[in-house]
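In what follows, a single structure is set out as structure tokens and then discussed.
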Amino acid sequence: MPWDITVELENRPGTLAELGEAAGQKGVNLGGICGFPCEGVGVIHLLVDDAAAARNAFDAADISVTDEREVLVIDIEDRPGEMGRLTRRFADAGINVDLLYLATNTRAVVGVDDLEAGRGLL
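So this is what it looks like as structure tokens:
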């Protein structure tokens, strides 16, 4: 099952490399990633298949895991309007999308406020 892991990194050169190395050393594949600065730290969302393994890898490297949650991973087309088409399905069903980023192999990572209802739309 796919998981989004949120970590916080010091906003300085090398912290993303350290994150990638920590995951790689423990055999954790990062299937998607997005990040942004927020209040002096880098907030990074990572798509992983095994949340416990990712948490262990990051804990061992002294990387702060601040959240983990199950997410939807949806194959999408790389074309104009695709984001609107995808998110309209959730909106019309009254499901709030509160996380969205792209992953490898043209997939969208979607966090929703009602995971079971979201799965029902797929």
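For the sequence shown, the numbering used here assigns the number 48 to the initial residue and increments by one for each residue that follows. Don't be surprised by glycine CBs; every beta carbon is placed ideally from N, CA and C.
Counting along the chain, T113 sits inside the beta strand (DSSP E) bounded by residues 111 to 117. Here the alpha carbons of T153 and P84 stand approximately 24 Å from one another.
With at least 16 other beta carbons inside 10 angstroms of its own, L119 counts as buried. With contact defined as three or more Cβ pairs closer than 8 Å, the region 132 to 151 and the region 58 to 70 are not in contact.
Cβ-Cβ distances below 8 Å link V112 to I52, T53, V54, A101, R102, F105, D106 in the same chain, with the five nearest sequence neighbours on each side left out; the list follows chain order.
Residue range 62 to 72 is occupied by the alpha helix (DSSP H) that includes E65.
Short of 8 Å from the beta carbon of P49, and not among the five residues preceding or following it, lie these beta carbons of its own chain, in chain order: G78, L94, V95, D96, E117, V118, L119, V120, V156.
By the criterion of a C-beta distance shorter than 7 Å, A164 is surrounded in its chain by A140, I142, once the five residues flanking it on both sides are discounted. As computed with DSSP, P84 is found in a beta bridge with G89.
Annotated three-state conformation of D145 is strand, per DSSP. When secondary structure is reduced to three states using DSSP, D51 falls in the strand class.
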